[in-house]
Amino acid sequence: MNELSKGTKEIANLIKLFLNRADVLHLIQMLMEHYDIKVQELSNAKEKIEAPKQQETILKIISNVGVVLPSGKLLFLDGSENKGSISNAIDHKRKLPKGYAWHLMTKAEFDECKACQPRLNDILKKMGGLPIAYPDSSYLLADNNQEKGYVRYCADID
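Take the sequence shown: its position 51, counting from 1, is numbered 153 in this note's numbering, and each next residue is one higher.
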């Protein structure tokens, strides 16, 4: 049951990231038709399902450096305000706080940031950093082979 809940949660997060309201309504309609679900069944199911209590994601702060994500990755508090090239990103990496093995943020790290975005952005703003504000296609990620984009850095801290 835990796997199903985790999988369902991941699917819901992806839907929230990529679909607008009209797309969601169309998806629900398609699923209801596919599984032959009636509207009355939804209201009955809602009564039977005990909603799990949402745990607030705890994000650890490293002062003047960044935010530790739930996975244990450290997100540097600042990023580029303009789209830069890979060579700009490599040059700037040398100026980041010492003691961490910084790398360009990966797609998986970006997705994790998006999953806790409102809380993460509040923390970043309070620290004087830049929020995660654009879709992944706007960022120069370590694994998306783009030539230009906004830059964010992460590090493993285990």
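Think of the CB as a built atom: it goes at the ideal place given N, C-alpha and C, for glycine as much as any other residue.
The beta carbon of Met132 lies closer than 6 Å to none in the same chain, with the five residues before and after it left out. Only exposed fits Phe120, as fewer than 16 other CB atoms lie within 10 angstroms of its CB. Restricted to the stretch 218-256, the alpha helix (DSSP H) segments that are unbroken, complete and at least 4 residues in length are 219-229, listed in chain order.
Within the model, the alpha-carbon separation for Cys215 versus Val170 is close to 10 Å. Ranked by Cα distance from Leu206, the options Arg221, Gly231, Tyr137, Asn246 are led by Asn246.
About 5 Å separates the beta carbon of Lys185 from that of Gly251, a gap short enough to meet the 8 Å contact definition. In this structure, DSSP gives Leu206 an extended state, which the three-state scheme calls strand.
Spanning the alpha carbons of Tyr241 and Leu177 requires a straight line of approximately 14 Å. According to the DSSP assignment, Ile160 belongs to no alpha helix (DSSP H), since it is labelled neither H nor E. With contacts defined as CB atoms closer than 9 Å, Gly168 and Gly230 fail to qualify as a contacting pair.
Distances from the CA of Ser187 to each of Lys108, Glu112, Val253 were compared; the closest alpha carbon is that of Val253. Note on Lys118: under 16 other CB atoms within 10 angstroms of its CB, so exposed under the neighbour-count rule. Rounded to whole angstroms, the separation of the alpha carbons of Leu179 and Ile164 is 9 Å.
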